[in-house]
Each structure stands twice: as C-alpha cells, then as structure tokens.
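Letter by letter, the sequence shown follows residues 4 to 379 of the numbering used here. C-beta atoms are modelled at their ideal positions from N, C-alpha and C, and glycine is treated no differently. Contents: one structure, followed by commentary.
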Amino acid sequence: MSNITSINLDIAIIGGGNAGITLASKLSAQKLPLKTLVFEPKTPQQRDCCWSLWATPDQCESLKPSMLGKWAQWRLIDDVSEVVLKSDEYQYTSLSAASYLQHCEDSLEGTDSIKRSTVEQLAKEAGITSFKADGQKYTAKTVFDSRPPVTASNSLCQHFMGWEIRTKAPMTETDIATLMDFRVDQSKGLHFIYALPFSSNHLFLESTMISRTLEDKQWYRDAMHQWLQRHNIEIDVLLREEVGVIAMEEPPETSIPLGAIGAASGAVRLSSGYAFSAIQTQMTRLANGISVGNYSVPKPTSGYLDAMDRVFNGVLLAKPDLAVDIFMRTGRALNGDQFARFMLGTAGIIEWAKVIFAMPKRVFIRQLWRQVVGHD
Ligand SMILES: Cc1cc2nc3c(=O)[nH]c(=O)nc-3n(C[C@H](O)[C@H](O)[C@H](O)COP(=O)(O)OP(=O)(O)OC[C@H]3O[C@@H](n4cnc5c(N)ncnc54)[C@H](O)[C@@H]3O)c2cc1C
C-alpha cells in the first residue's frame, strides 16, 4: 500500500462500541497532542440495546444522561423460592446503549474524530499499521482493535431477545429488578426471564438462554408473551426489539488481534456475559497509560476469575439440570453488596469462599479435576 496519499494518525481505534468510543472520549478529554480517529460503520441508534451494570454512586452520576433505570434491590426466582438482594453500595443500573454511544461521540473534539466506515485491508509493516476505510488509505502508529471476536459456531453462549414496551396498565412493583426468573420452559437449556421496570408503564424484558443452540425468534417471543400473561401485563406499544448472542467461551488466542480492546480482548465475563464494567475499567486504565506514554492494553479480567468461570461453565455443561439451583445458591450465599462485587468480578476471598461453600461440592470438585488433569 503506497504512503503518498495516506492520512497519518497517531492512534486508530477500530470500532466505536463501548470500548472504542469510551477510549476515544477519555483521550479527547485529556487533550493529548495525538491525532486519533475512530472507525465505526454504524450510528449509535443502529446499535441500540440495554446495557446494565452494578454501579457505584459516582458511576450513577456520570452515567445519568444515558440511564433508563436503577434499582437498589434485585431478585432471582425459581419454582419454589425467591431470593431478594438489597444493596447500599451499588445500584443495578440500566443504560440506553444508543444514548451512551451518542453522548461519547458528542464529547469528541474536532470534526474528524469519528469516521462512519469499516476498516479493511489491515497490514503491519516496520511498526506502522496501514489500512483502508471508505476508499481512503490510512497509516497509524498505534491501532486499538475492538472488532467482535471470532467464536466457534457451537460455543456455549448466552443468547437472548429483549423487548422494551409501554404497558396498558401501571405495574405495581417498580422498585426491584428481576435478574433471573426461572419459571419458564427449561426444556431447551437454561432459560430465564430478565425484567427491568423503568417506570410504572415502561418495561424491558428479555428471554435469555444459556446453551449451544440458538432458538427461532418466535420461541423467545412466546416465552416473553407467556411471562407477561402470567403477570397480567398487557403490551400497549412495543417500542423496540433487540437480539444478542454473547459467547461464553474464550476465542482462540491466535484469533485475538494485536491491540485488541473490549470484548475482543476477552472482557466478557465467561460465566455471566457481563462486560460493561470491565470494559470501562480497562479503557480508563488504558487512557491513563497513554497519557504517560504506555500504550499496552491492560488485561480486562484476572486469570483467576477466568479459571473459576471456566469451572462454573464446565459444571453448567456437564450438569445442566443443576444450573437453576446453582444460580439460586449463589444468590442465597451472598448479601446484595457481595453479590454485586461477585458479578463485577471484584469479589474478595470471603465472597468467593461463601459461594464455593454454597455449591454442590462433588460436582464442582469433579469439574475442577477434569480441567486440571484433562479427564475424570
Ligand atoms: C445485545 C447485547 C446486550 C448486552 N448487554 C450487556 C449488559 O447488559 N451488561 C454488560 O455488562 N454487557 C452486556 N453486553 C456485553 C458487552 O458489554 C457488549 O457486547 C459491549 O458492547 C462490548 O463492547 P465492545 O466495544 O467490546 O464491542 P462492541 O460494542 O460490539 O463494539 C465493536 C464495534 O466494532 C464495529 N465494527 C465491526 N467490524 C468493524 C470494522 N471492520 N471496522 C470498523 N468497525 C467495525 C461494530 O459496528 C461495533 O460497533 C451485551 C451485548 C449485547 C450484544
């Protein structure tokens, strides 16, 4: 690729999703003398969905412009019991992805900070990366790449369909988020309904599966209809439908590009599919590093956490009939603050000990053994 008509950049960010645009926004705020450009083909509106996290009061404040709702209590429900968890430290917080992405895009300074285009023909030579976008040649000293990771077609994944709806009549319980309601069809794999009441007549609900096989769209729709019927909730307006597939297995090491950030770098929590908070932390640390000349991408999750999550997923695969019980036991073992830290991947030894002691021991020890020695 000739250099003559190239635009030369200090930093090229491929993909302006959670990771890419957050990094760009943080770098822009630091006003570093670096020419940075984000390459993202889709508008924020085209990528709208709900992103949720356990947020501290400071995070709640900074995420306020994109917030759809927040709850100090949340619950898990199975056929026989309900676990309600309350927190003083964390609010379960739900964001509009479109609004968050737009807010970050608007914070970028200069007209050229985002290019609405895909990146193609990426090549590296003598420490400089070159590529094409929208017919234009670019070179960049550093590339951060957030293009979604490649995953095997039969990998364990969390797959879901969500609806944002206006209800005909006001709902009564709006101060609690339902993280997992397992009282749904479990015949195809681990399945639960996730329900977030943003207000008395504004609800987000999702039919979520953890399995290796995706279902027809109608299957998730039927599950949501049944759940709504059971709760006597009638849809007035279906505002938005979203679908998602999040791999719960790591992509092969060889498929991770140099300078990978966000989900591409392994930020998705293998046991839960949550990634928003880990990506925010990774991007804050990366931007701080860049400001002092350190361009290396921090690891988004610890090796210990990944290993524990692999054992957890191994048990889900080996003993799917125990899955609901395992999630309910995790909820019962912890208080709200501890549960939030556990889900955020910041749990300490006490929280881990509580969870481990609450688990059916034999099956976990067997799985651990299997993973250590490679067989039973
Ligand atoms: C529907 C959905 C809901 C989720 N909900 C939650 C949640 O509630 N909580 C949570 O913690 N996690 C959630 N996740 C997981 C995770 O937080 C998100 O996937 C998050 O968006 C990952 O951020 P990212 O920047 O790594 O990837 P993305 O946000 O996917 O960004 C990658 C970007 O790269 C762009 N791109 C692709 N190819 C090219 C190319 N060739 N050139 C340039 N750009 C390209 C894409 O358009 C995309 O915008 C959810 C995931 C999905 C799919």
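Classify residue i as helix, strand or coil using the three-state DSSP reduction.
i, result
"G23", "helix"
"D239", "strand"
"I359", "helix"
"G3", "This structure cannot settle anything about residue 3, because the visible part of the chain is limited to 4 through 379."
"K38", "coil"
"V300", "coil"
"P68", "helix"
"E253", "coil"
"N6", "Bear in mind that the predicted position of N6 carries a pLDDT of just 49, short of 50, making it unreliable; the figure below should be weighed with that in mind. Coil."
"E92", "coil"
"Q139", "strand"
"N11", "strand"
"R169", "strand"
"D148", "strand"
"L261", "coil"
"V376", "helix"
"K322", "coil"
"D225", "helix"
"E85", "strand"
"K118", "strand"
"S202", "strand"
"Q189", "coil"
"E123", "strand"
"R233", "helix"
Can you check which of these residues, the options, is closest to residue i by C-alpha distance?
i, options, result
"I14", "T177, A290 and K220", "A290"
"L88", "H205, T59 and A180", "A180"
"S274", "S120, R288, I249 and V295", "I249"
"A172", "K302, M227, P255 and S202", "S202"
"V300", "T287, Y307, S280 and L308", "T287"
"Q76", "L199, Q229 and R369", "L199"
"P36", "Y307, V295 and E123", "V295"
"V41", "T25, A155 and S99", "T25"
"G138", "S9, L66, K67 and F345", "S9"
"K118", "D184, P47 and D82", "P47"
"A267", "S110, W230, Y197 and V153", "V153"
"A129", "S280, S97 and T145", "T145"
"S258", "F195, R150, Q124 and D219", "R150"
"Y197", "H205, F185, N204 and S190", "F185"
"T175", "Q161, H205, E167 and S156", "H205"
"E123", "I17, P60, E64 and L56", "I17"
"F279", "E43, S99 and V86", "S99"
"Q105", "Q33, A32, N21 and R335", "N21"
Would you please state the rounded distance, in angstroms, between the beta carbons of residue i and residue j? I believe it to be under 8 Å.
i, j, result
"G165", "E237", "About 18 Å separates the two Cβ atoms, so there is no contact after all."
"L217", "L320", "Contact flag wrong, Cβ pair sits at about 16 Å."
"P260", "D148", "5 Å"
"M311", "G276", "That pair is no contact at about 16 Å."
"L79", "S28", "No, L79 and S28 are not in contact; Cβ-Cβ is about 34 Å, not under 8 Å."
"S116", "A136", "Contact flag wrong, Cβ pair sits at about 14 Å."
"S97", "C63", "Contact doesn't hold; Cβ gap of about 11 Å is too wide."
"E354", "R243", "The Cβ separation is near 35 Å, so there is no contact."
"R335", "V86", "5 Å"
"G317", "R233", "The Cβ separation is near 33 Å, so there is no contact."
Based on DSSP bridge pairs, tell me the residues matched to residue i.
i, result
"C53", "S99"
"H162", "M212 and V248"
"T59", "The partner list for T59 (beta bridge, DSSP) is empty, contrary to what the question assumes."
"Y197", "E209"
"M183", "L79"
"W74", "Y95"
"A129", "BP columns for A129 are empty, so no partner."
"F315", "F315 pairs with nothing; no bridge assigned."
"I16", "V41 and F147"
"F345", "In the DSSP output, where bridge partners are listed per residue, F345 has none listed."
"F134", "Y141"
When you compare the CB positions of residue i and residue j, do they come within less than 8 Å of one another, or not?
i, j, result
"I213", "G247", "no"
"S210", "F163", "yes"
"L30", "I293", "yes"
"G351", "T304", "no"
"D340", "Y93", "yes"
"S69", "Y103", "yes"
"G348", "R272", "yes"
"G23", "G265", "yes"
"M183", "L208", "no"
"R50", "A126", "no"
"L337", "V366", "no"
"M331", "D81", "yes"
"D188", "W74", "no"
"L71", "A58", "no"
"L371", "V314", "yes"
"T170", "D239", "yes"
"N157", "R215", "yes"
Given 7 Å as the limit, tell me if residue i has its C-beta closer than that to any heavy atom belonging to ligand 2.
i, result
"Y223", "No copy of ligand 2 occurs in the structure displayed; its ligands are ligand 1 alone."
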